[in-house]
Amino acid sequence: MSNHDQPLEQPLLRVTDLAKSYGGHAACREVSFDLWPGEILAVVGESGSGKTTLLKCISAQLACDDGRIEYLMRDGVMRDIHSLSEAERRFLMRTDWGFVHQNPREGLRMRVSAGANIAERMIAVGARNYGKIRGTAEDWMDQVELDPARVDHQPNTFSGGMQQRLQIARNLVTHPRLMFMDEPTGGLDVSVQARLLDLLRSLVTKMQLSAVLVTHDLAVARLLSHRIMVMQGGEVIETGLTDQVLDDPQHPYSQMLVSSILPV
Amino acid sequence: MTENMTSSDLATQMIQVRNLHKSFTLHTQGGIELSVLSSTDLSVSTGECVALMGPSGAGKSTVLRCLYGNYLPQAGAILIRHKGHMINLVGAEPRNVLAIRRETLGYVSQFLRVIPRIPAIDLICEPLVTLGIDPKAAREKAAELLTRLRIPERHWALAPATFSGGEQQRINIARTMVVDYPVLLLDEPTASLDAENRHTVIDLILEARDRGAAIVGIFHDEEVRDAVCSAQHHVAVPSAQDGTQMNEMNSGDKQDLAG
Chain L
8 MSNHDQPLEQ PLLRVTDLAK SYGGHAACRE VSFDLWPGEI LAVVGESGSG
58 KTTLLKCISA QLACDDGRIE YLMRDGVMRD IHSLSEAERR FLMRTDWGFV
108 HQNPREGLRM RVSAGANIAE RMIAVGARNY GKIRGTAEDW MDQVELDPAR
158 VDHQPNTFSG GMQQRLQIAR NLVTHPRLMF MDEPTGGLDV SVQARLLDLL
208 RSLVTKMQLS AVLVTHDLAV ARLLSHRIMV MQGGEVIETG LTDQVLDDPQ
258 HPYSQMLVSS ILPV
Chain H
288 MTENMTSSDL ATQMIQVRNL HKSFTLHTQG GIELSVLSST DLSVSTGECV
338 ALMGPSGAGK STVLRCLYGN YLPQAGAILI RHKGHMINLV GAEPRNVLAI
388 RRETLGYVSQ FLRVIPRIPA IDLICEPLVT LGIDPKAARE KAAELLTRLR
438 IPERHWALAP ATFSGGEQQR INIARTMVVD YPVLLLDEPT ASLDAENRHT
488 VIDLILEARD RGAAIVGIFH DEEVRDAVCS AQHHVAVPSA QDGTQMNEMN
538 SGDKQDLAG
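As they're listed, the protein sequences go chains L and H.
The opening position of the first sequence corresponds to residue 8 in our numbering, with each subsequent residue numbered one higher.
The opening position of the second sequence corresponds to residue 288 in our numbering, with each subsequent residue numbered one higher.
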């Protein structure tokens with residue numbers, strides 16, 4: 008695997024024939040896709056279609072039964088994430104990857120301050136200077152439109168939308184290359200959703216992030232993603248350019264999904 | 288997917304559509320199949336502007352959407368000259384389609400897709416910034432276009448959701464015209480504009496032709512069409528008896544046929 012003979016362009020993430028079942032019930036079957044640097048891939052489908060299982064498998068939170076998940080490490084080498092040591096995998100998860108949970112309480116420590124939530128990931132990559140850490144935490148609060156004056160407040164005292172933005176700041180502070188997002192605008196009011204989407208959209212462009220975004224909301228997929236993968240019953244039934252899949256869906260199930268959107 | 292042109296007079300060809308077929312299968316409505324385009328051929332060179340002609344429902348917008356990679360054709364080829372090579376959009380990887388859109392293909396849709404909270408001027412800068420243009424220079428170019436299109440400066444910092452139809456259309460035009468795309472696809476760019484703004488848009492299209500852009504458009508307004516187009520292409524209405532049979536008549540020279 009020398010860097011020399013490889014083509015310049017490589018996918019950041021390559022998933023091949025991934026399968027996962029829960030006691031005989033197949034949650035994911037034969038899922039294969041490439042994610043390219045700077046690309047946002049939306050995984051859409053109804054609940055139970057296997058999209059969250061897929062996200063958990065590819066982000067190493069869940070062991071899969073079959074298939075390969077390869078990630079382009081910073082040294083330019085594709086490695087199967089299941090062949091990494093536990094320490095290597097943890098390091099990836101704390102630095103190179105970010106994970107935005109639908110419920111921010113799953114992604115935050117609720118008993119420590121907002122600043123400490125952001126600092127934790129910085130310390131994981133070796134930051135030690137207290138003043139610098141605090142300054143960076145405040146700066147990130149500002150970037151996600153949180154008042155930096157609240158750096159010492161616990162996330163418990165934040166609204167749902169603010170907690171979600173704090174979760175995003177906590178993830179982005181290490182400049183990850185890949186984000187996994189599970190219904191990031193899920194439990195939020197529509198106006199808060201719009202603000203968060205706009206923020207995600209600009210941060211993703213500015214930081215050249217790649218992301219796998221699980222959502223059942225096709226409007227969110229249209230706004231944020233370049234490409235869509237439609238899942239049904241654990242299988243990928245259609246994939247393509249986001250606007251093409253939404254404007255000219257081919258599969259009966261995708262057509263049903265698109266035609267079920269209520270016009271505003 | 289790269290085709291090299293052998294003859295030098297073909298070197299200026301920007302769009303080449305061959306034997307394009309597009310039908311829609313409506314699975315949610317009993318699997319009805321609608322054949323819209325069958326064996327469409329079209330070719331456009333630099334500096335040319337081809338008007339798609341035909342009554343409502345003939346498939347004019349479908350042609351444009353196929354050319355933008357927004358609709359998936361069943362068969363045929365859509366070659367677009369991208370960075371000197373003719374690339375087939377049919378069957379291209381999504382990221383390649385996006386690269387072609389970013390640098391080569393500009394598309395003015397009929398309606399502006401509003402993005403919540405983003406100011407009009409930022410919407411217009413965005414395609415330039417994506418291409419790596421300095422944000423300040425992008426802003427200047429956007430401001431210049433907004434001024435030409437008579438959008439009052441006090442509106443520039445507002446999100447266009449609340450703008451009038453005509454203003455939204457001008458934002459939409461500016462968002463595309465701000466980049467000097469080699470290929471432009473225009474879907475009724477002047478539909479809801481007043482005379483003054485219509486003339487500005489005519490000027491913008493003529494300037495694009497002058498710099499060598501290849502343009503395909505739908506222009507219901509005869510005045511606009513006469514002013515900007517160098518050729519017409521007729522898209523036939525699908526026949527009622529046989530959905531798969533449709534004849535395309537491609538006339539290279541200008542004819543005065545009612546649209």
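Beta carbons are placed, not taken as given, at the ideal position from N, Cα and C, and that holds for glycine.
Remember, predicted model here, so these are calculated numbers, not experimental data.
So, are the CB atoms of residue i and residue j less than 8 Å apart?
{"i": "E245(L)", "j": "P256(L)", "result": "yes"}
{"i": "L204(L)", "j": "G168(L)", "result": "no"}
{"i": "V22(L)", "j": "V38(L)", "result": "yes"}
{"i": "L48(L)", "j": "V219(L)", "result": "yes"}
{"i": "H372(H)", "j": "E390(H)", "result": "no"}
{"i": "P414(H)", "j": "R352(H)", "result": "no"}
{"i": "V522(H)", "j": "V395(H)", "result": "no"}
{"i": "H223(L)", "j": "Q174(L)", "result": "no"}
{"i": "P403(H)", "j": "C412(H)", "result": "no"}
{"i": "T588(H)", "j": "L436(H)", "result": "This structure gives no information on residue 588(H), because the portion of chain H shown stretches from 288 to 546."}
{"i": "V211(L)", "j": "T181(L)", "result": "no"}
{"i": "L79(L)", "j": "L19(L)", "result": "yes"}
{"i": "I438(H)", "j": "R457(H)", "result": "yes"}
{"i": "A144(L)", "j": "A126(L)", "result": "yes"}
{"i": "A176(L)", "j": "Q150(L)", "result": "yes"}
{"i": "Q303(H)", "j": "L366(H)", "result": "yes"}
{"i": "V337(H)", "j": "H520(H)", "result": "yes"}
{"i": "L472(H)", "j": "Y358(H)", "result": "no"}
{"i": "L324(H)", "j": "G346(H)", "result": "yes"}
{"i": "M117(L)", "j": "N163(L)", "result": "yes"}
{"i": "L253(L)", "j": "R234(L)", "result": "no"}
{"i": "P191(L)", "j": "Q170(L)", "result": "no"}
{"i": "F506(H)", "j": "E475(H)", "result": "yes"}
{"i": "I62(L)", "j": "V221(L)", "result": "According to the sequence provided, residue 62(L) is Leu. The question's Ile does not apply to it. Result yes, Cβ atoms of L62(L) and V221(L) sit closer than 8 Å."}
Assuming residue i and residue j form a contact by the criterion Cβ under 8 Å, report the distance between their Cβ atoms to the nearest whole angstrom.
{"i": "L339(H)", "j": "V503(H)", "result": "7 Å"}
{"i": "W104(L)", "j": "L185(L)", "result": "5 Å"}
{"i": "M238(L)", "j": "S56(L)", "result": "4 Å"}
{"i": "S326(H)", "j": "N306(H)", "result": "5 Å"}
{"i": "R382(H)", "j": "E46(L)", "result": "6 Å"}
{"i": "T501(H)", "j": "E335(H)", "result": "Checking the displayed sequence, the identity of residue 501(H) turns out to be Ala instead of Thr. Sure, about 6 Å apart at Cβ, within 8 Å."}
{"i": "A429(H)", "j": "V465(H)", "result": "6 Å"}
In the DSSP assignment, the beta strand (DSSP E) including residue i goes from what residue to what residue?
{"i": "L48(L)", "result": "47-51"}
{"i": "I374(H)", "result": "372-375"}
{"i": "F106(L)", "result": "104-107"}
{"i": "R368(H)", "result": "362-369"}
{"i": "I302(H)", "result": "300-313"}
{"i": "G504(H)", "result": "501-505"}
{"i": "L321(H)", "result": "319-332"}
Quick one: what's residue i bridged to in DSSP?
{"i": "A218(L)", "result": "I47(L), M186(L)"}
{"i": "Y78(L)", "result": "L20(L), R86(L)"}
{"i": "V38(L)", "result": "L25(L)"}
{"i": "Y394(H)", "result": "L472(H)"}
{"i": "E242(L)", "result": "Q239(L)"}
{"i": "M340(H)", "result": "H521(H)"}
{"i": "R234(L)", "result": "L48(L), L248(L)"}
{"i": "H32(L)", "result": "Y29(L)"}
{"i": "D73(L)", "result": "A26(L)"}
I want to verify the contact list: residues of chain L whose CB lies under 7 Å from the CB of residue i, in sequence order.
{"i": "G356(H)", "result": "L248, Q251"}
{"i": "P422(H)", "result": "Ordered by position in chain L, no residue passes the 7 Å Cβ test against P422(H), which lies about 11 Å from the chain."}
Along chain H, which residues have their Cβ under 7 Å away from the Cβ of residue i?
{"i": "R202(L)", "result": "R404"}
{"i": "Q257(L)", "result": "L359"}
Going by DSSP, what residue range makes up the alpha helix (DSSP H) through residue i?
{"i": "M464(H)", "result": "452-464"}
{"i": "Q125(L)", "result": "The sequence shown places Ile at residue 125(L), not Gln. Per DSSP, I125(L) belongs to the alpha helix (DSSP H) from 121-131."}
{"i": "Y137(L)", "result": "137-150"}
{"i": "I438(H)", "result": "Run containing I438(H): none; DSSP gives neither H nor E here."}
{"i": "Q262(L)", "result": "259-266"}
{"i": "N484(H)", "result": "482-497"}
{"i": "R208(L)", "result": "197-213"}
{"i": "E335(H)", "result": "That residue, E335(H), is in no alpha helix (DSSP H); it is neither H nor E in DSSP."}
By the criterion of Cβ-Cβ separation under 9 Å, what are the contact partners of residue i in chain H?
{"i": "E46(L)", "result": "P381, R382, L385"}
{"i": "M263(L)", "result": "H314, T315"}
{"i": "D224(L)", "result": "Ordered by position in chain H, no residue passes the 9 Å Cβ test against D224(L), which lies about 14 Å from the chain."}
{"i": "D254(L)", "result": "R352, N357, Y358"}
{"i": "D205(L)", "result": "I402, P403, R404, I405"}
Check the Cβ of residue i against every Cβ in chain H and list those closer than 8 Å, keeping chain order.
{"i": "S232(L)", "result": "Under the 8 Å cutoff, chain H gives no residues; its nearest Cβ is about 10 Å from S232(L)."}
{"i": "S266(L)", "result": "T315"}
{"i": "W43(L)", "result": "R382"}
Is residue i near the ligand SAH, judged by its Cβ being under 7 Å from some heavy atom?
{"i": "C336(H)", "result": "In the structure shown, the ligand SAH is absent, as is every other ligand, since no ligand is present at all."}
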